[in-house]
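This report concerns only the one structure given below.
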Amino acid sequence: MKGSVNHEWANHDWWPGKLNLKVLARNPVEANPLGGDFDYGQAFETLDLGAVKADVNAVLTNSRDWWPADFGTYAPLFVRMTWHAAGTYRLSDGRGGGGTGQQRFAPLNSWPDNVNLDKARRLLWPVKKRYGQRLSWADLLILAGHVALESMGVALAGFAGGRPDVWEPDDVYWGPEATWLSDTRHAVESDLAEPLAATQVGLVYVNPEGPNGDPDPLAAAADIKETFARMGMTLEETVALIAGGHTFGKAHGAHPDDKLGPDPEAAPIERQGLGWTNGYGTGAGPDALTSGLEVTWTYHPARWDNEFFHILYSYEWELTTSPAGGKQWRPKDNGGDDLVQDAFGSGRRAPAMLTTDLALRFDPELDAISRKFKDDHKALSDAFARAWFKLTHRALGPKSRYRGSHVPAEDFLWQDPVPAGRPVPADQVAAIKQAILATGLTVPQLVKTAWAAASTYRCSDYRGGANGARIALEPQKSWDLNEPAELATVLETLRTVKDEFGISLADTIVLGGAAAVERAAADAGFPVAVRVTTGRGDATQEQTDVESFEYLRPRVDGFRNYLGKNSGRSLEYALLDRANLLGLAAPELTVLIGGLRVLGANHGGSRDGVLTDTVGVLSNDWFVNLLEPGTEWHPVDAGAERFAGTTSHGRAWTATRNDLVFASDSELRALAEVYAADDAGRKFATDFAAAFARVLDADRYDLR
316 MKGSVNHEWA
326 NHDWWPGKLN
336 LKVLARNPVE
346 ANPLGGDFDY
356 GQAFETLDLG
366 AVKADVNAVL
376 TNSRDWWPAD
386 FGTYAPLFVR
396 MTWHAAGTYR
406 LSDGRGGGGT
416 GQQRFAPLNS
426 WPDNVNLDKA
436 RRLLWPVKKR
446 YGQRLSWADL
456 LILAGHVALE
466 SMGVALAGFA
476 GGRPDVWEPD
486 DVYWGPEATW
496 LSDTRHAVES
506 DLAEPLAATQ
516 VGLVYVNPEG
526 PNGDPDPLAA
536 AADIKETFAR
546 MGMTLEETVA
556 LIAGGHTFGK
566 AHGAHPDDKL
576 GPDPEAAPIE
586 RQGLGWTNGY
596 GTGAGPDALT
606 SGLEVTWTYH
616 PARWDNEFFH
626 ILYSYEWELT
636 TSPAGGKQWR
646 PKDNGGDDLV
656 QDAFGSGRRA
666 PAMLTTDLAL
676 RFDPELDAIS
686 RKFKDDHKAL
696 SDAFARAWFK
706 LTHRALGPKS
716 RYRGSHVPAE
726 DFLWQDPVPA
736 GRPVPADQVA
746 AIKQAILATG
756 LTVPQLVKTA
766 WAAASTYRCS
776 DYRGGANGAR
786 IALEPQKSWD
796 LNEPAELATV
806 LETLRTVKDE
816 FGISLADTIV
826 LGGAAAVERA
836 AADAGFPVAV
846 RVTTGRGDAT
856 QEQTDVESFE
866 YLRPRVDGFR
876 NYLGKNSGRS
886 LEYALLDRAN
896 LLGLAAPELT
906 VLIGGLRVLG
916 ANHGGSRDGV
926 LTDTVGVLSN
936 DWFVNLLEPG
946 TEWHPVDAGA
956 ERFAGTTSHG
966 RAWTATRNDL
976 VFASDSELRA
986 LAEVYAADDA
996 GRKFATDFAA
1006 AFARVLDADR
1016 YDLR
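Offset between the sequence shown (1-based) and our numbering: plus 315.
Pasting the structure below:
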């Protein structure tokens, strides 16, 4: 292992295919120095946000000798820091983004695209130090870019706090590559593998020199459109963000990288968390090396205007190289010479552009938008403000999580708005449950519908869940996974109860699932209460971004033994990933699988893994029969995803990898054994009820 002194081999080194259950123990309270009872949202509300912004503003022009400010202000540097903190967000699984301050940790703190952003965070430390627990790094990383843009004349749409810090890096799949800036994620040109969004490992978006360094503006445009779409941006938002960001500051490529030291994670201990030591000249200021490109886009790099577009269209461009060897573009025939001031001193130069900048002019779709913005600065300003707010707040989740005095009143479609609901009076809950059970809907039908509604939730970006009853809307009501014909019948019946009691469909669905589990537990001889909240609202189709919500559709779903269309990953890995997105711990995953199987929640009524003869009764049969000694299992398909098993006394079962992993993986088996014991019936029913209720209530941020 390069750079390692003593590599101590861990289980994963010996058995690289072993499941990593640590992904189901995210951010344990023991690792949180603020404690589990600390309410960051309340702490943030005590801040004088105006005073915080003033302190950030004071940092902008307080240039330091150890890291001088380009053009006398750190504003462009902070904009880049914020952009790169938020820009890792991807729609596919909601991971990435600026919601938890991940830029402080590996691998993001050491990505090639984030060179020297460690200096930006160090410049902000006095502000963080002043406000302590009341201002998270996650919020400060976003707020700093907000203040920086305002200082340069941008009128923004607003700002919301409420991003609590975490104390460890997220376990996110950033790609299959083992070398920075390599690319094995494209099966064919522009066919980017799921769930990835960036085009190369170590990049936030796309390679500014063109795909894999090929300076082809049209090929770069294809990458731009694909990547920004996967990050949730329209073409207009994409153009506004690229041009708006490149209105400010410069790229740094003053010399080759042969004198550049290791990244922060690989740097020696005496560097104290700072990386990329630069041995060229002073190592900073005019000698800085960041991207390896030496580009200043506009004549006024610290002023908000639409000069970027005027310059883009005013010249014809020729390919050249930076002092570091990076591919970039300059005006032909020495056009624009001496029109751009150097970042330091009195020297002047010509404007320059990146391959990805020229893509905005040469791609027909992007060109049409660019020309509009060139001629209409107001349109650009409005589009940029809205796109910037979306970029920096997408990972924060629904508006109910927003904190502070600068939250905009407007509701945006990408926030997945849900009308306010009315809590159901406590004395009506039991009557509603009885009415639902009296409709004749079965335990499997009610459990499947409630689970289908709630299990779309993702703790990565707080999207999905039962609130809003979007399971009754497109696209969710038509997903094959949700069995549209049966779902329509169940929803039609539940609406009669909804109308009778004057409650929301969302609450009716959740209460139906709770009632079904309570009946199933009582039938098993272990009555439990499934405690869920009420007060959900029902969203409309107009409040639902169909294209965006399509990304919430699981390709496979181990909880319902839906094998669907796999993405090349093993079923058990996909199951673990889904549990991670639901925010489940390993014991919750285990108890939910066992309970959902015996309750008949499988897709299409499949018998795979239904290791019981009493479907609809909340027994621990699944655990008992899965762990029965002497059962022999054999794959029945070429991919070894489905299996047939025969017990020592001749009983036949079928199951999938989603089931058998709980007996084959040593850690999961240890959990399954707890629930297979002779005295585990009551504990199983109680634990399942709690885990099921937690999923049903996972999205109730309006109550937190």
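Cβ coordinates follow ideal geometry from the N, Cα and C atoms, glycine included.
Computed from a predicted structure; not experimentally measured.
Since residue i contacts residue j with CB under 8 Å, what's their CB separation in whole angstroms?
i       : j      : result
ILE908  : PHE874 : 7 Å
PHE1007 : GLY910 : 7 Å
TRP937  : THR946 : The pair is not a contact, with the Cβ atoms about 13 Å apart (cut-off 8 Å).
PHE393  : ALA463 : 4 Å
LEU914  : ALA830 : The Cβ separation is near 13 Å, so there is no contact.
THR757  : GLY931 : 7 Å
ALA959  : ALA967 : 7 Å
LEU550  : ILE684 : 6 Å
PHE864  : ARG997 : Their Cβ separation, rounded to whole angstroms, is 39 Å, which puts PHE864 and ARG997 out of contact at 8 Å.
LEU788  : GLN856 : 5 Å
VAL871  : LEU886 : 6 Å
GLY402  : TYR520 : 6 Å
ASP572  : ALA639 : 6 Å
ALA369  : ARG718 : The pair is not a contact, with the Cβ atoms about 19 Å apart (cut-off 8 Å).
ASP433  : LEU589 : 5 Å
LEU264  : ALA985 : Missing from the structure shown is residue 264; the chain here goes from 316 to 1019 and no further.
THR592  : GLY600 : With a Cβ gap of about 15 Å, THR592 and GLY600 do not count as contacting.
ARG773  : ASP408 : 7 Å
SER608  : SER637 : Note on residue identity: the sequence assigns Leu, not Ser, to residue 608. Their Cβ separation, rounded to whole angstroms, is 5 Å, which keeps LEU608 and SER637 in contact under 8 Å.
ALA970  : ASP923 : 6 Å
TRP612  : HIS561 : 5 Å
Just verifying my parser: in three-state terms, what is the DSSP assignment at residue i?
i       : result
ASP960  : Per the sequence shown, the amino acid found at residue 960 is Gly instead of Asp. Looking at GLY960 - three-state DSSP - the assignment turns out to be strand.
VAL320  : Because the pLDDT at VAL320 is just 44, under 50, the model does not fix this residue reliably, and the point stays unresolved.
ARG966  : coil
ASP1002 : helix
ASN593  : strand
VAL1010 : helix
LEU897  : coil
LEU423  : helix
THR823  : helix
VAL610  : strand
ASN335  : coil
THR971  : strand
LEU926  : coil
LEU761  : helix
ARG997  : helix
ARG773  : strand
Would you list the residues sitting across from residue i in a DSSP beta bridge?
i      : result
ARG379 : TRP382
ASP853 : GLY783
ARG410 : ARG410 pairs with nothing; no bridge assigned.
TYR877 : ASP872
ASP507 : In the sequence as displayed, the identity of residue 507 is Leu instead of Asp. HIS501.
GLY476 : ARG718
LEU891 : Paired residues: none, contrary to the question.
LEU681 : DSSP output for LEU681 lists no bridge partner at all.
In terms of residue numbering, what span does the beta strand (DSSP E) encompassing residue i cover?
i      : result
TRP948 : 947-950
Identify the continuous alpha helix (DSSP H) that holds residue i and give its terminal residues.
i      : result
PRO738 : From DSSP, PRO738 is part of no alpha helix (DSSP H); its letter is neither H nor E.
THR397 : 390-401
ALA459 : 452-466
HIS327 : 326-329
GLN357 : 355-360
PRO790 : Neither: PRO790 is in no alpha helix (DSSP H) and is coded neither H nor E.
PRO799 : 799-816
TYR990 : 981-991
TRP937 : 936-941
PRO441 : 432-446
PHE864 : 861-864
Quiz item: Which runs of the alpha helix (DSSP H), 4 residues or longer, sit entirely within the segment 623-672?
Solution: none
**Request:** Starting from the N-terminal side, write out each stretch of the alpha helix (DSSP H) that is 4 residues or longer and does not extend beyond the segment 510-588.
**Result:** 532-545, 550-560
Can you give, in chain order, each stretch of the alpha helix (DSSP H) that sits fully within the segment 687-758 and has at least 4 residues?
692-708, 741-752
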